[in-house]
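What follows is a single structure, written as structure tokens, with notes after it.
Protein chains: 2
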Amino acid sequence: MSTATEHEDPRRARSRASVLEAAIAILRESGQPGLTIEAVAARSRVAKTTIYRHFADRDELHIAALQAAAPEIRMPRTDDVVHDVVGFCVALNDKLQHTEFGSVLATAIDGAERSESLAEILAGVGAERRRALDERLRLAQQAGALAADLDVGMLNSQLVGPLFFRRFISRQATSSAFVAEHVQMVLSPRLQEATIATAAGGGERSRSTR
Amino acid sequence: MSTATEHEDPRRARSRASVLEAAIAILRESGQPGLTIEAVAARSRVAKTTIYRHFADRDELHIAALQAAAPEIRMPRTDDVVHDVVGFCVALNDKLQHTEFGSVLATAIDGAERSESLAEILAGVGAERRRALDERLRLAQQAGALAADLDVGMLNSQLVGPLFFRRFISRQATSSAFVAEHVQMVLSPRLQEATIATAAGGGERSRSTR
DNA sequence: TCGTTTCGCTACGGGAGCGTAGCGATAGGA
DNA sequence: TCCTATCGCTACGCTCCCGTAGCGAAACGA
């Protein structure tokens, strides 16, 4: 959100970065109950008073940490919907399983049950990540690859839902191969003969070995 | 696990029940950080010392509360797979959204990241609920309604994953109608002409569209 | 009825974390 | 250069929670 034009005292920026880094590490290692101002102060080597100068309370810090930990997830852009969505979901799954993003997200789930602000961020962080997915799916609709009357929101949940479920609830290992197969299984029955409908989209170039 | 044959002092049973009830209420209202022995003692009107006589520490109490809050979810048994799975998923979604089970589950997600025992229970509680689903899907396979080479585990994740995702991550309202449509959307492409395919492997039943 | 189990109560020492105040030191920017 | 924003540090009072000890009372079961 913050534009690069903002003049921020480099000292503030440094403190803030140190604090957030420490907060994320703590959330990963000790979870939500471990996120205390004192612990963050000790770990970040930033004085407790300084932390209070940046964040009003624990919730605010938690939210900032969550935002800071949210990674970018690239959406490939070829003319093959399946290929693109597979790439996106594999990347998402990877972030969930092998980065601090997964752990930090877990700490926010409980908090979101009671904190309105955390809930917004939690949904928002996810929404932002999935917006690219939404757009890609709609694009496919316009290109005729997907039926126009398809509920994109529902499809979105069907695509990413299982990834979150397996990461946080059933706690099953989920390989990239599994994700790829899953996405294909979900999308395949929705595909239409795109080659005909596109008209201006130029034939299929994709494939890319599933 | 506990057979009815066990002779348990009714006083112990009563204390335990009161404590668990209070713990669940606290988890719902204040989340994992609110679950302190003292809070449970105050709310349940059971002496703190007595709670320690039942549960070694907070984690043990948390686990017991999670198990106590896990509801039964009925799997209808008709010869229509889609109908049955819709019924199951609608019931599951309802428990997730309108009972304390949802809240308590949320408190366990973060804890499971670090507590081996909580993780087991979390996955176990879910697994037990989904076992009926697994069985029903396999039954459909045997009846020829679903392809025999279908990955039941994957299908399971695809069916229930979105429900959990929408409840805990994206926090979208999810009506029974939505769930029904979702299940139909997922299952329909997998259905086969049961009457024909049963024969004993019949010619091409494959599908797979890769 | 009588022994056993379970309970509630009070009290305690100790630790962790909160959030604030007041201070001098120093790194920025103009 | 000089002013200001920001920092680190120490200290504080306060609250919450932990986990245990010791006691008498009451409920249970045989």
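Residue numbers (the numbering used here), protein chains in the order written: chain A, 2 to 211; chain B, 2 to 211.
A virtual CB, placed ideally from N, CA and C, is assigned to each residue, including glycine.
Small disclaimer: the values here were computed from a predicted structure and weren't measured.
Start-to-end residues for the alpha helix (DSSP H) that takes in residue i
{"i": "A/F56", "result": "First-last for A/F56: undefined, no H or E at that position."}
{"i": "B/T108", "result": "E101 to A113"}
{"i": "A/I38", "result": "I38 to S45"}
{"i": "B/A18", "result": "P11 to G35"}
{"i": "B/S158", "result": "V153 to F165"}
Neighbour flag for residue i against chain A, beta carbons, 7 Å
{"i": "B/S158", "result": "yes"}
{"i": "B/M76", "result": "no"}
{"i": "B/E117", "result": "no"}
{"i": "B/G111", "result": "Here residue 111 of chain B turns out to be Asp, not Gly, going by the sequence shown. At least one chain A Cβ lies under 7 Å of B/D111."}
{"i": "B/A146", "result": "no"}
{"i": "B/A120", "result": "yes"}
{"i": "B/T6", "result": "Caution applies to B/T6, whose pLDDT of 49 falls short of 50 and renders its modelled position unreliable; the value that the coordinates give is listed next. So, not an interface residue."}
{"i": "B/E205", "result": "Bear in mind that a pLDDT of 41 at B/E205, under 50, signals an unreliable position, so the number given afterwards is only what the model happens to contain. Closer than 7 Å: no."}
CB contact check: residue i to chain B, cutoff 7 Å
{"i": "A/T50", "result": "no"}
{"i": "A/T108", "result": "yes"}
{"i": "A/R208", "result": "Confidence at A/R208 is low in this model, with a pLDDT of 42, below 50, so the placement of that residue should be treated as unreliable; the coordinate-derived value is given next. Closer than 7 Å: no."}
{"i": "A/I197", "result": "Low confidence applies here, because A/I197 scores a pLDDT of 47, under 50, leaving its location unreliable; read the following figure in that light. Not an interface residue."}
{"i": "A/A124", "result": "yes"}
{"i": "A/E114", "result": "yes"}
{"i": "A/A133", "result": "no"}
{"i": "A/Q33", "result": "yes"}
{"i": "A/G88", "result": "no"}
{"i": "A/S104", "result": "yes"}
For residue i, the residue or residues it bridges with in DSSP
{"i": "B/L192", "result": "B/L147"}
For residue j and residue i, believed in contact at Cβ under 8 Å, the rounded distance
{"i": "B/G32", "j": "A/G162", "result": "Going by Cβ atoms, the distance from B/G32 to A/G162 rounds to 23 Å, so no, they are not a contact pair."}
{"i": "B/A70", "j": "B/E121", "result": "Not confirmed; about 16 Å, so no contact."}
{"i": "B/I52", "j": "B/A42", "result": "6 Å"}
{"i": "B/L21", "j": "B/A48", "result": "That belief does not hold up - the Cβ atoms of B/L21 and B/A48 are roughly 16 Å apart, past 8 Å."}
{"i": "A/L188", "j": "A/V82", "result": "7 Å"}
{"i": "B/S104", "j": "B/D60", "result": "About 18 Å separates the two Cβ atoms, so there is no contact after all."}
{"i": "A/A124", "j": "B/S171", "result": "5 Å"}
{"i": "B/R214", "j": "B/H63", "result": "The shown model of chain B, from 2 to 211, leaves out residue 214 of chain B, and the question about it has no answer."}
{"i": "B/L151", "j": "B/V86", "result": "The Cβ separation is near 13 Å, so there is no contact."}
{"i": "B/A92", "j": "B/R115", "result": "With 8 Å as the limit, B/A92 and B/R115 do not qualify as a contact, their Cβ atoms being about 31 Å apart."}
{"i": "A/A148", "j": "A/Q185", "result": "17 Å between Cβ atoms; not a contact."}
Heavy atom of the ligand ZN within 6 Å of residue i beta-carbon
{"i": "A/S118", "result": "With respect to the ligand ZN, the structure offers nothing, as it holds no ligand at all."}
Residues of the region 177-195 of chain A whose Cβ lies closer than 9 Å to any Cβ of chain B, in chain order:
F179, E182, H183, Q185, M186, V187, S189, P190, R191 and L192
Output, in sequence order along the chain, the residues in the region 161-176 of chain A whose CB is closer than 7 Å to any CB in chain B.
V161, G162, P163, F165, F166, R167, F169, I170, S171 and R172
Contact residues within the region 56-77 of chain B, judged by C-beta distance below 8 Å to chain A
none
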